[in-house]
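Below is one structure; the comments refer to it alone.
In the numbering used here, the protein residues as written are -13 to 58.
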């Protein structure tokens, strides 16, 4: 399973519904988690055949800014 991480502009749990609405429309996503404790408000998405550009675009349409983070 692939794992992608994104820095987001989400600062409170009120946007969980928006994220969930986007996530359920994208094929291949199996689970996701938003870490509001992180400085970067990290969104972690796991699944198969994930395209980070599509995820960023769809989140943007929902008003959520996201930038891909890379693990070291």
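Each residue gets a CB set at the ideal place from its N, CA and C atoms; glycine is no exception.
Check your understanding: Short check: CB of residue -4 to CB of residue 48, under 8 angstroms?
Key -> no
**Study point:** residue 33 and residue 15 closer than 8 angstroms at C-beta
**Key:** In this structure, residue 15 lies closer than 8 angstroms to residue 33 by Cβ.
**Study point:** Neighbour-count burial assignment, residue 2, 16 or more Cβ in a 10 Å radius
**Key:** exposed
Exercise for review: Determine the DSSP secondary structure at residue -11, reduced to helix, strand or coil.
Suggested key: strand
Exercise for review: Pick out whichever of 35, 17 and 23 has its Cα sitting closest to the Cα of residue -6.
Suggested key: 23
Practice item. Kindly identify the DSSP beta-bridge partner or partners of residue 15. Key: 33
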